[in-house]
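First residue of the sequence shown: 2, per my numbering; consecutive thereafter. All C-beta atoms in this analysis are idealised placements derived from N, C-alpha and C, irrespective of residue type, glycine included. Computed from a predicted structure; not experimentally measured. To start, the structure under review is shown below, and the notes come after it.
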Amino acid sequence: MLSLSVVILLAIAAFVFAFWWHSDKIKRMTVAYVRRYCRHHGLQLLDQTTVLRKIWLGRDEDGFLQIGRRYQFEFSTTGEQRYSGGISLLGTKLLSVETEAYAIPSD
2 MLSLSVVILL AIAAFVFAFW WHSDKIKRMT VAYVRRYCRH HGLQLLDQTT VLRKIWLGRD
62 EDGFLQIGRR YQFEFSTTGE QRYSGGISLL GTKLLSVETE AYAIPSD
């Protein structure tokens, strides 16, 4: 029979794995959002990734507690200069995408 401490450790390990798995899913979804945003605005997503900068708890429109995440990404208009952007999500819902002012290349 399993002792209580083993059961608690297994429950903690399961929680950590589930949180990691869900966070990875959210990050892949975030990268897809950013790629789509960059493509729509004629920008190049640099390094093809986002970086988690902030995590918080918040309530969604229905009052349920969700994990909020803020990611940072870098993009370029010409491939020469890097600009920063950010994307915020609450659960799986996209809250906002912001970019710093960038130069629009002349054709």
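Assuming residue i contacts residue j (C-beta within less than 8 Å), just tell me the rounded distance between them.
i     : j     : result
ILE27 : THR51 : No, ILE27 and THR51 are not in contact; Cβ-Cβ is about 10 Å, not under 8 Å.
LEU11 : GLY59 : About 30 Å; that fails the 8 Å criterion.
Measure the alpha-carbon distance for residue i versus residue j and round it to whole angstroms.
i      : j      : result
LEU53  : LEU5   : 35 Å
LEU95  : PHE65  : 16 Å
GLU62  : PHE74  : 27 Å
THR31  : ALA104 : 24 Å
TRP57  : ARG70  : 7 Å
GLY43  : ARG29  : 21 Å
VAL17  : SER107 : 49 Å
GLU101 : ARG36  : 16 Å
LEU3   : ILE13  : 15 Å
VAL98  : LEU47  : 16 Å
THR78  : TYR84  : 9 Å
ILE9   : SER24  : 22 Å
Nearest by alpha-carbon distance to residue i: which of the options is it?
i     : options                   : result
ARG40 : PHE76, HIS23, ARG60       : PHE76
GLU81 : ILE9, ARG60, GLN45, TYR72 : GLN45
THR93 : TRP21, ILE9, GLN49, GLN67 : GLN67
TYR34 : GLU101, GLY86, ALA102     : GLY86
LYS55 : ASP48, TYR72, SER24       : TYR72
Determine which residues share a DSSP beta bridge with residue i and list them.
i     : result
GLY69 : TRP57, LEU91
GLY86 : PHE74, THR100
Where in the segment 4 to 57 do unbroken runs of the alpha helix (DSSP H), each at least 4 residues long, occur, reported from the N-terminal end onward? 5 to 41
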